[in-house]
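Participant: Quick one: this structure, given as structure tokens, is what I'll be asking you about.
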Amino acid sequence: MARSMRDYYMLARKRKFVANFRLLTVAVFFWTGCLMCVPGLPYDAFGFIARKLYIPTDFTVYSANDSRIFMYPSLQFNYSINNPQTCSSDDIFLLIFVKTLPSHLEQRTAIRKSWGSATSEYFSPGKVKVLFMMGLENSFDSQLLQMENKVHQDIIQLKFVDSFHNLTVKLISQFKWVVKYCNNLRYVMTTDDDVYVNTNNLLQYLLCQSPNNLFVGCTHIGAAPIRNPSSKYYVNRKVYPGLYYPDYCTGSGYVLSFDALKDLHRYAMYVPMLYIDDVHSGILANAIGLSPVHNEWFLCEDKVSLTPHSLSHFITSHGHSPSNMLEMFHIARKFHHKHAPCYFT
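Just so we're aligned: 186 in this note's numbering is position 186 of the sequence shown, and the numbers increase by one with no gaps anywhere.
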């Protein structure tokens, strides 16, 4: 059947649109790429576009004589405080590691009195455990920490300086601790001491998942390395030359199945430790073929509002003060909302 003039006109417009779109994509790609040469400007768009266009890149971390890059065999993993009896029970469903500092007593107290103490409608007590993971802090009296642990028995402290550039050491220490002391669990979560975890909603989600090969949280896709030396997230090209990072879950809160954690720990022994811990977890996951799953109820950097509806519709929320956590817990208990099975999947 012969085409009309209108058909030819519409076909020509379509081809022109496709050509212009491709040209625009290439132009944006090279323009954002040029931003890499301008210190101080954001260029996350560059990595995102490169990732979306499936442009291959190097996901390798190199030591490059950088004093901030450690290798697993060089770490001692010596403990100042340890609680290996945490996993003495027959079966633990979920172990939650909270990254904290020795001086953050107020944050730990708030967690113990709020979401860390929450009983679940899905499990009997003891199936969910919370541990506080930390290094050493020069300005803090270690005897106070020993006394705190004597009461609560929920602190793991290793003998390394607790700093931003040692966050990956803290992460790998979690992996090693679980593999050494806690072989009887299903899932492990890592989070921060300013994050509120809705444990009831998290457990409901996990009960609807396969207990194998799980890596779930708020996923960052196509994040580009920061090349501005004044940023604390600065990464030298000699350390990480890639255009973008592998997909990873933000460190404010993500969950790994036990088998996935063991695989990550095994591979971590051979990979230089990039000091941005959540990115490093993505690098390890990519190397073993484990893809992070994005779940919208892990609210990334967002902060949930203090309304009954909002407080019953999230899994993690970031940026909360100790007093804010206690207020959230009080409201959530008063207006508890029961969800349909697998609602958070």
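Ideal Cβ placement from N, Cα and C applies to all residues, glycine included. Note that the structure is predicted; figures quoted are calculated from it, not measured.
Rounded to whole angstroms, what's the CA-CA distance from R186 to N78? Just pull it up for me.
Facilitator: Their Cα atoms are separated by approximately 26 angstroms.
Participant: Just tell me which of D91, P84, L299, Q107 has its CA closest to the CA of G217.
Facilitator: Considering only alpha carbons, the answer is L299.
Participant: State yes or no: is the C-beta of M328 within less than 8 angstroms of the C-beta of S114?
Facilitator: Yes; because the gap between Cβ atoms is below 8 angstroms, this pair is in contact.
Participant: Does the region 264-273 come close enough to the region 95-105 that 3 or more CB-CB pairs lie under 8 angstroms?
Facilitator: The region 95-105 is not in contact with the region 264-273.
Participant: Helix or strand or just coil, what does DSSP make of M147?
Facilitator: Looking at M147 - three-state DSSP - the assignment turns out to be helix.
Participant: L243: which of S67, D58, G282 sits nearest, CA to CA?
Facilitator: Minimum Cα distance to L243 is reached at D58.
Participant: Assuming K303 contacts G319 (C-beta within less than 8 angstroms), just tell me the rounded distance between them.
Facilitator: So it is a contact: roughly 5 angstroms between Cβ atoms.
Participant: Would DSSP call T345 helix, strand or coil?
Facilitator: DSSP places T345 in coil when its eight states are reduced to three.
Participant: L131 lies in the beta strand (DSSP E); which residues open and close that run?
Facilitator: L131 -> beta strand (DSSP E) spans 128-136.
Participant: If distances are taken between C-alpha atoms only, which option among Q209, I55, K238 comes closest to S67?
Facilitator: Of Q209, I55, K238, the residue nearest in Cα terms is K238.
Participant: Taking Cβ positions, are I96 and V61 nearer each other than 8 angstroms?
Facilitator: No.
Participant: As a quick exercise: from R333, N149, F175, pick the residue whose alpha carbon is nearest that of P308.
Facilitator: If we check each option's Cα against that of P308, R333 comes out closest.
Participant: Would you list the residues sitting across from L185 in a DSSP beta bridge?
Facilitator: DSSP lists I92 as partners of L185.
Participant: DSSP state of K52, grouped into three classes?
Facilitator: Note: K52 maps to helix in three-state DSSP.
Participant: Buried or exposed: which applies to P56, given that a residue is buried once 16 or more other Cβ atoms fall within 10 Å of its Cβ?
Facilitator: P56 should be labelled exposed.
Participant: Do L136 and K159 have their beta-carbon atoms positioned less than 8 angstroms apart in this structure?
Facilitator: Cβ distance < 8 angstroms, so K159 and L136 count as in contact.
Participant: Assign Y72 to one of three DSSP states: helix, strand, or coil.
Facilitator: DSSP places Y72 in helix when its eight states are reduced to three.
Participant: Can you tell me the Cα-Cα spacing of V179 and S310, whole angstroms?
Facilitator: Answer to the nearest angstrom: the Cα atoms are 36 angstroms apart.
Participant: Which same chain residues, not among the five before or five after M325, have their C-beta less than 6 angstroms away from its C-beta?
Facilitator: Excluding residues within five positions, the ones whose Cβ falls inside 6 angstroms are A110, S114, Y196.
Participant: Exposed or buried, what is Y254 when buried is set at 16 or more other beta-carbons lying within 10 Å of its beta-carbon?
Facilitator: Flag for Y254 reads buried.
Participant: With a 10 Å radius around its C-beta and 16 neighbouring C-beta atoms as the bar for buried, classify G126 as buried or exposed.
Facilitator: The residue is exposed, with fewer than 16 neighbouring Cβ atoms inside 10 Å.
Participant: Between I331 and the rest of its own chain, which residues show a CB-CB distance below 7 angstroms, the 5 nearest in sequence each way excluded?
Facilitator: Excluding sequence neighbours, I331 sits near L306, P308, L311.
Participant: What would DSSP say about H220, mapped onto helix, strand or coil?
Facilitator: It is a strand residue.
Participant: Just to confirm, is the Cβ distance from P225 to Y240 under 8 angstroms?
Facilitator: Cβ atoms of P225 and Y240: closer than 8 angstroms.
Participant: What residue range does the beta strand (DSSP E) around L158 cover?
Facilitator: 155-161 is the span of the beta strand (DSSP E), which, as asked, contains L158.
Participant: Using a Cβ-Cβ cut-off of 6 angstroms (strictly less than) and excluding sequence neighbours within five positions of D192, which residues of its own chain qualify?
Facilitator: The answer, listed in chain order, is K99, S252.
Participant: Can you tell me whether F164 is buried or exposed, with buried defined as 16 or more other CB within 10 angstroms of its CB?
Facilitator: Classification for F164: exposed.
Participant: Beta-carbon within less than 8 angstroms of A223's beta-carbon, same chain only, minus the 5 sequence neighbours each way: which residues are those?
Facilitator: For A223, where only same-chain residues beyond five positions count, the Cβ hits under 8 angstroms are D44, G47, F48, Y244, Y245, Y248, V279.
Participant: Just list the residues that DSSP pairs H318 with in beta bridges.
Facilitator: Answer is V195, bridged to H318.
Participant: Once you ignore the five residues that flank I283 on each side, which residues in its own chain have a CB closer than 8 angstroms to its CB?
Facilitator: Cβ within range, chain order: F59, V61, Y245, P246, Y248, V271, L274.
Participant: What does the alpha-carbon distance come out to for the pair A258 and F335?
Facilitator: A small fix is needed here, since residue 258 is Phe in this sequence, not Ala. Near 33 angstroms, if we compare the C-alpha coordinates of F335 and F258.
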